[in-house]
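If you're matching them up, the sequences are chains A and B in order.
Residue numbers for the first sequence follow my numbering, beginning at 69 and rising by one.
Residue numbers for the second sequence follow my numbering, beginning at 69 and rising by one.
Here's the structure, in structure tokens; my notes come after.
There are 2 protein chains.
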Amino acid sequence: MARGPMISTLLRVAYDGGGFHGFARQPGLRTVQGELEAALQAIYRLPVLTRGASRTDAGVHALGQVIAFDPPFAIPDAGLRRALAGKLPPDLVARDVWGEAGDDGQPVQPRFANAGKHYRYRIHLAPVADPLTRRYVWPLARDVDVAAMRRAAAAFVGEHDFAAFRAADCQATTTIRRVTAVEITSHPLVHPLAAWPDACELHVDVHGDAFLKRMVRIMVGTLVEVGWGNRLPDGIAPLLRGSERHLAGRTAPAEGLVLVEVRWPGR
Amino acid sequence: MARGPMISTLLRVAYDGGGFHGFARQPGLRTVQGELEAALQAIYRLPVLTRGASRTDAGVHALGQVIAFDPPFAIPDAGLRRALAGKLPPDLVARDVWGEAGDDGQPVQPRFANAGKHYRYRIHLAPVADPLTRRYVWPLARDVDVAAMRRAAAAFVGEHDFAAFRAADCQATTTIRRVTAVEITSHPLVHPLAAWPDACELHVDVHGDAFLKRMVRIMVGTLVEVGWGNRLPDGIAPLLRGSERHLAGRTAPAEGLVLVEVRWPGR
């Protein structure tokens, strides 16, 4: 029987990472992939395996993660979106649903088919941590030199060997990665408190093609050490030639990181 | 033995209401007052009873609640603040500590000694709920007419009989209350998503001397019904002459409400 090209179903999903042991399915643990596959199995009444663009760590959030799977039978996009809204838990939302054929009629592989990623790291600068944002920011009571952090961040842009900026158990076969932009911006707080007139939220926005395990969090931890005056801005460039992990800075906490967007061709 | 006037200790506290069964202590339940008194008992090694300015409902947050207690012995403000930082859970923060004598040398009663309160209600307007803010906002997928809500809100300002805007089990002896301002403002989202270009956050800021149980949440629920076109802006004034509860609108969810500030004379 002749068949047409394989049409994969794609989902754009957002989640609060605080309640998940990361993206990747793990037996006995609540994970994003596990919850998605349970919802899809309840809808299709058949096991469904999903493929994500990014394996976010435990505690890391996402607003624009992209997932693909090969449906056992066709359900119209709008109907699948409604069905998912009824089956997914409140901390995991399917924002968008669409169908797409992969290259050469193969299933879509989001890890390779995406057009780059945008991560945002949120830091709160205030003398006392705000209990209403603590799940989503790194609270710092000690002020940072933002201008020094911006000078340091410029060194990350381009193609470099990020070996110093990856987790000890990172499995990647090459440590060469390309970062296209790092922007540091300061924002007023959602709840400005009169008692903390200088309090603000820093966003470290990192754009790139692909990332090593913990890469963004180690970049941010190193930038904060620059902001505190414990490292010089010029100290970043030498770390980007395949240095050892211990020469870079601390790993910033998972809560502050959001996968804002997996860019997707044509969308 | 002659004694000077009673000096009460005051605390300005912030909390994430999501993990508490409200402010007021209740046997066997986790409450803000219960956690504060447990921390103070651990510090003073004696039972300590606290008095709050506002009995916030289960799920309602606070940034500037004020608490008073009468310490069994004196501890310097800075030392007490450090001790509380070590004893309180991460969702409850003591922002400020100071000592004060009440009128006529009596203990300070924050419920009566405060200079007014400022509540903020947060509404997210977006076609899909954002999982990263769901604990702190009321997500509305259906657009609202903000101009109509503002016209309606003006009717609340002044001294009125708010009987229609209180919980069925409210114990207050009078339902006359004075609201000094209601402001409705629109704000960009912390995480603007390209897919939701019109998404925004509405703040309903309510200022007043004192409030009945659930009063702000019923005011906001009624304003949203105006925003949806289910009520006319002119329909608010007749409700403020001692109407029955069922004539006002729904009670907005607790998660969206924050006690931003209890105003305090001289601070």
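Just so it is clear, CB atoms sit at the ideal spot from N, CA and C, and this is done for glycine as well.
For residue j and residue i, the rounded distance between their alpha carbons
i                : j                : result
Val196 (chain A) : Gln174 (chain A) : 52 Å
Val225 (chain A) : Leu270 (chain B) : 37 Å
Asp273 (chain A) : Pro199 (chain A) : 23 Å
Ala222 (chain B) : Pro306 (chain B) : 13 Å
Arg203 (chain A) : Gly324 (chain A) : 8 Å
Val134 (chain A) : Ala267 (chain A) : 34 Å
Phe141 (chain B) : Tyr112 (chain B) : 8 Å
Pro139 (chain B) : Asp211 (chain A) : 34 Å
Val292 (chain B) : Met217 (chain B) : 7 Å
Thr242 (chain B) : Ala215 (chain B) : 32 Å
Arg335 (chain A) : Val165 (chain A) : 12 Å
Asp145 (chain A) : Gly317 (chain B) : 36 Å
His91 (chain B)  : Ala322 (chain B) : Note on identity: in this sequence residue 91 (chain B) is Phe, with His being the wrong assignment. Whole-angstrom Cα-Cα distance: 13 Å.
Ala162 (chain B) : Ala126 (chain B) : 19 Å
Asn298 (chain B) : Gln101 (chain A) : 41 Å
Tyr189 (chain A) : Asp171 (chain A) : 33 Å
Ala70 (chain B)  : Gly184 (chain B) : Any reading at Ala70 (chain B) must be qualified, since the residue scores a pLDDT of 47, below 50, and its modelled position is unreliable; the value itself is stated next. Cα to Cα, the separation comes out at about 35 Å.
Leu327 (chain B) : Phe180 (chain A) : 47 Å
Gly167 (chain A) : Ala194 (chain B) : 24 Å
His192 (chain A) : Pro207 (chain A) : 5 Å
Asp302 (chain A) : Ala151 (chain A) : 52 Å
Arg246 (chain B) : Asp277 (chain B) : 6 Å
Thr99 (chain A)  : Ala130 (chain A) : 13 Å
Val81 (chain A)  : Gly132 (chain A) : 6 Å
Pro95 (chain A)  : Glu105 (chain A) : 13 Å
Arg93 (chain A)  : Val288 (chain B) : 41 Å
Pro157 (chain B) : Ile143 (chain B) : 21 Å
Pro333 (chain B) : Val294 (chain A) : 42 Å
His275 (chain B) : His275 (chain A) : 42 Å
Buried/exposed call for residue i, threshold 16 Cβ in 10 Å
i                : result
Ser76 (chain B)  : buried
Thr124 (chain A) : buried
Pro73 (chain A)  : exposed
Asn182 (chain B) : buried
Ala249 (chain A) : exposed
Glu329 (chain B) : buried
Ser122 (chain A) : buried
His255 (chain B) : exposed
Glu103 (chain B) : buried
Ala153 (chain A) : exposed
Pro178 (chain B) : buried
Gly147 (chain A) : exposed
Ala107 (chain B) : buried
Leu300 (chain A) : exposed
Leu114 (chain A) : exposed
According to DSSP, residues forming a beta bridge with residue i
i                : result
Thr118 (chain A) : A:Phe137
Ile75 (chain A)  : A:Ala169
Tyr83 (chain A)  : A:Ala130, A:Leu160
Glu227 (chain B) : B:Arg246
Val330 (chain B) : B:Lys185
Arg309 (chain A) : A:Asp229
Leu325 (chain B) : B:Tyr189
Cutoff 6 Å; reference residue i; Cβ partners in own chain excluding five residues on either side
i                : result
Ile304 (chain A) : Ala220, Ala223
Arg313 (chain A) : Ala232
Phe137 (chain A) : Thr77, Val116, Thr118
Phe279 (chain A) : none
Ile286 (chain B) : Phe233, Ala316, Thr319
Ala209 (chain B) : Pro195
Ala169 (chain A) : Pro73, Ile75
Val176 (chain B) : Ser76, Ala136, Glu168, Gly170
Leu308 (chain A) : His228
Own chain partners of residue i with C-beta closer than 7 Å, once the 5 adjacent residues on each side are dropped
i                : result
Ala110 (chain A) : Lys155
Asp159 (chain B) : Tyr83, Asp84, Gly87
Glu227 (chain B) : Ile244, Arg246
Leu97 (chain A)  : His89
Leu257 (chain B) : Ala267, Cys268, Glu269
Thr201 (chain B) : His192
Trp296 (chain A) : Arg210, Val212
Beta-carbon contacts of residue i that lie in its chain and below 8 Å, excluding the five residues immediately before and after
i                : result
Gly310 (chain B) : Asp229, Ala231, Ala232, Thr243
Thr253 (chain B) : Leu270, His271, Asp273
Met283 (chain B) : Phe230, Phe233, Arg234, Arg245
Arg331 (chain B) : Asn182, Ala183, Gly184, Lys185, His186
Asp237 (chain A) : Lys281
Ala240 (chain B) : Arg234, Leu280, Lys281
Practice item. Would you mind listing the beta strand (DSSP E) stretches within the region 242 to 285 of chain B that are 3+ residues and don't spill past its ends, in chain order? Key: Qualifying beta strand (DSSP E) stretches, in chain order: 244 to 255, 268 to 276.
Check your understanding: Can you list the beta strand (DSSP E) stretches of 3 or more residues lying completely in the region 176 to 217 of chain B, in chain order?
Key -> 185 to 193, 206 to 208
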